[in-house]
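Student:
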Amino acid sequence: MSSGAPDAGRAGGREAGRDPVRVRVCPDGPLLLRGADEVMDADGRAHPVTRPVVAVCVCGGTARAPWCDGTHALLNKRRAANNS
Amino acid sequence: MHLPRPRGPISEAVVEVVRGGRAEIPSVTDIRSEDAQIALWTVYELAYRGFGDASPDAERDLELLRWRHHAEDLLEAELRDLTRAAVDEARAAAATVEGRLRALVDAGPSTPLARHLQRRATREQVLAYLVERSVYHLKESDPQAFVLGRVDGPAKVALGELLYDEYGGGRPERLHSHLYAEALEACGLDATYGAYIDQVEAPTLLSNNVMSLFAMQRRLRGASLGHLAAFEATSTDPCRRIAVGIERVGLPDAAAAYFHEHVEADAVHEQVVMGDICGAAVAAEPAIEDDLLLGAATCLIIDAEASQALYDAITAPAPELAGAGR
Ligand code: FES
Ligand SMILES: [Fe+2]
Ligand SMILES: [Fe+2]
């Protein structure tokens with residue numbers, strides 16, 4: 251996360267004058283991010299956020315890292331089938 | 289856009305009245321017939337982009353409203369019957385609205401269409417798919433936008449957020465219907481709104497009409513949200529496959545781009561609609577939960593029917609002879 255005002259009142263992830271980044275954990279799914287500017291992938295490459303909400307893959311199965319591409323649903327289904 | 293080609297006595301009368309003439313519109317005996325479906329589609333279209341050759345006041349014509357009321361009652365009854373078993377099962381499977389929607393989606397019917405497009409379809413078959421889906425994708429999200437003014441609080445905020453993304457997130461060049469138009473153009477197809485309405489089949493018209501049925505009446509706002517939930521939750525997998533198919537048959541990148549965008553966007557939209565819109569809408573108005581499930585089950589069943597019909601049509605061994613009744 252970055253803004254035009256370096257070090258301006260950084261506290262607990264908040265910067266002065268802007269909303270906090272909000273993260274929601276989706277059950278068996280991705281992380282939903284609101285208010286972020288960029289997401290760093292596992293290789294250290296920054297991906298700019300270009301939509302109002304983004305879904306970040308946490309299952310490791312996506313082909314569009316760091317974004318979720320829905321693959322987690324297939325993995326969940328496979329896992330459920332193997333467990334029964 | 290011009291008024292569509294009538295496909296029987298009902299749509300003939302509807303087109304005549306929309307044009308400003310006088311006719312008594314016949315009652316519907318088969319709501320799934322292409323005659324009834326194109327007639328209903330025409331009446332609904334008056335509330336979207338409309339027709340260059342329609343009378344300016346057709347949207348409020350009492351004969352059209354009377355007929356629409358009658359046709360909608362038949363359609364709604366048909367959908368409630370069609371979805372009852374699936375909705376009952378989903379209700380028994382989970383306790384929360386999100387859990388019930390997931391249960392519906394997981395148990396929903398599947399068709400070979402997306403896999404076929406991915407692996408085996410010819411270029412012509414892929415183009416036929418793009419044409420058939422143009423009826424919806426050139427007005428993508430417009431039905432659901434009607435619902436925004438009918439919900440409030442967190443559900444409205446999340447629906448607004450989803451729609452903002454569908455509508456390009458502040459960038460006209462990212463408007464999803466525009467991306468679809470670019471896909472059509474890149475393939476040498478006609479990207480004009482409504483260009484292919486005269487050739488699409490009844491199941492495609494029905495899949496469009498159920499969205500308008502749910503969108504046009506405030507009473508059915510829950511069904512509209514539920515439809516959106518099922519639509520978004522069943523989008524990423526087919527979009528991924530279709531993008532592969534488009535690239536496999538060598539169609540331009542712009543055509544695949546629409547589907548790549550929808551893998552990413554709908555992975556987000558699915559979570560937003562399931563977790564942020566539907567839950568909040570039902571928390572605010574518990575009475576709409578039944579209609580939410582009705583809408584979701586309708587989307588799953590009716591869209592699978594349309595996919596299956598399209599698959600059957602494009603893979604039929606011998607093309608039907610032109611002039612066989614149409
Ligand atoms: S969390 Fe959705 S693909 Fe990994
Ligand atoms: Fe879209
Ligand atoms: Fe979407």
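Protein chains in written order, with the numbering used here: chain A, 251 to 334; chain B, 289 to 614. For each residue, glycine too, the CB sits at the ideal point set by N, CA and C. Please read these numbers as outputs of a predicted model, since none were measured by experiment.
1. Just the Cα atoms here: how many angstroms apart are residue 540 of chain B and residue 576 of chain B?
2. Spell out whether any CB of chain B is found under 8 Å from the CB atom of residue 299 of chain A.
3. Return no unless some Cβ of chain A is closer than 8 Å to the Cβ of residue 579 of chain B.
4. Which of helix, strand or coil does DSSP assign to residue 273 of chain A?
5. Going by the beta-carbon positions, is the gap between residue 572 of chain B and residue 446 of chain B smaller than 8 Å?
6. Using a Cβ-based criterion (distance less than 7 Å to any ligand heavy atom), does residue 327 of chain B qualify as near ligand 1?
7. Near residue 363 of chain B, which residues of its chain fall below 8 Å by C-beta distance, leaving aside the five closest residues on each side in sequence?
8. Measuring only from the beta carbon, is residue 429 of chain B closer than 7 Å to any heavy atom that is part of ligand 2?
9. Assuming contact is defined by CB atoms lying nearer than 8 Å, are residue 275 of chain A and residue 284 of chain A in contact in what I supplied?
10. I need the DSSP call for residue 290 of chain A, collapsed to helix, strand or coil.
11. Quick one: give me the first and last residue of the alpha helix (DSSP H) that residue 439 of chain B is part of.
12. Using the beta-carbon of each residue, find all residues closer than 7 Å to any heavy atom of ligand 1 and list them in chain order.
13. What do you reckon, is the C-beta of residue 523 of chain B under 7 Å from a heavy atom of ligand 3?
14. Going by the C-beta, is residue 553 of chain B closer than 7 Å to any heavy atom of ligand 3?
15. In terms of residue numbering, what span does the beta strand (DSSP E) encompassing residue 283 of chain A cover?
16. On the DSSP bridge list, what partners appear for residue 317 of chain A?
17. Give the DSSP bridge partners of residue 297 of chain A, in chain order.
18. Please classify residue 315 of chain B: is it buried, with 16 or more other beta-carbons within 10 angstroms of its beta-carbon, or exposed?
19. Taking DSSP as the reference, what is the three-state secondary structure of residue 596 of chain B?
20. Give me the chain B residues within the contact set of residue 314 of chain A, using Cβ-Cβ distance strictly less than 7 Å, ordered along the chain.
21. Are the C-beta atoms of residue 591 of chain B and some chain A residue less than 8 Å apart?
Tutor: This is what the structure gives:
1. Within the second sequence, residue 540 of chain B is the residue found at index 252, counting from 1. Within the second sequence, residue 576 of chain B is the residue found at index 288, counting from 1. The alpha-carbon atoms of residue 540 of chain B and residue 576 of chain B are separated by roughly 44 Å.
2. Counting from 1 along the first sequence, the entry for residue 299 of chain A is found at position 49. Judged by the 8 Å Cβ criterion, residue 299 of chain A is not in contact with chain B.
3. Position 291 of the second sequence, counted from the first residue, corresponds to residue 579 of chain B. So, not an interface residue.
4. Taking the first sequence and counting its residues from 1, the one referred to as residue 273 of chain A is at position 23. Strand at residue 273 of chain A.
5. As a first step, residue 572 of chain B is located in the second sequence; it is residue number 284 there, counting from the start. As a first step, residue 446 of chain B is located in the second sequence; it is residue number 158 there, counting from the start. No; because the gap between Cβ atoms is not below 8 Å, this pair is not in contact.
6. Within the second sequence, the letter at position 39 stands for residue 327 of chain B. For ligand 1, not one heavy atom lies less than 7 Å from the Cβ of residue 327 of chain B.
7. In the second sequence, the residue the question calls residue 363 of chain B occupies position 75. Answer for residue 363 of chain B: 319, 328, 497, 498 and 501, listed in chain order.
8. Here residue 429 of chain B is taken as the residue at index 141 of the second sequence, counted from 1. Checking every heavy atom of ligand 2 against the Cβ of residue 429 of chain B, one is found closer than 7 Å.
9. Indexing the first sequence from 1 puts residue 275 of chain A at position 25. Indexing the first sequence from 1 puts residue 284 of chain A at position 34. Contact: no.
10. To locate residue 290 of chain A, count along the first sequence from 1; it is residue 40. Strand.
11. Within the second sequence, numbered from 1, the residue matching residue 439 of chain B stands at position 151. Note, residue 439 of chain B: premise wrong, no alpha helix (DSSP H); not H, not E.
12. A:279, A:280, A:305, A:307, A:308, A:309, A:310, A:311, A:312, A:318, A:319, A:320, A:321, A:322 and B:555
13. One-based indexing of the second sequence puts residue 523 of chain B at position 235. Because some heavy atom of ligand 3 lies under 7 Å away, the Cβ of residue 523 of chain B counts as near it: yes.
14. In the second sequence, the residue the question calls residue 553 of chain B occupies position 265. It does: the Cβ of residue 553 of chain B is within 7 Å (strictly closer) of some heavy atom of ligand 3.
15. Counting from 1 along the first sequence, the entry for residue 283 of chain A is found at position 33. Its beta strand (DSSP E) spans residues 281–284.
16. As a position in the first sequence, residue 317 of chain A is number 67, starting the count at 1. DSSP output for residue 317 of chain A lists A:306 as bridge partner(s).
17. Here residue 297 of chain A is taken as the residue at index 47 of the first sequence, counted from 1. Its beta-bridge partners are A:289.
18. Mapped onto the second sequence, residue 315 of chain B falls at position 27. Classification of residue 315 of chain B: exposed, given that the 10 Å Cβ count is below 16.
19. Mapped onto the second sequence, residue 596 of chain B falls at position 308. It is helical.
20. Locating residue 314 of chain A in the first sequence gives position 64, counting from the first residue. Chain B residues near residue 314 of chain A: 551 and 552.
21. For the purposes of this step, residue 591 of chain B is identified with residue 303 of the second sequence, where counting begins at 1. By this cut-off, residue 591 of chain B is not an interface position.
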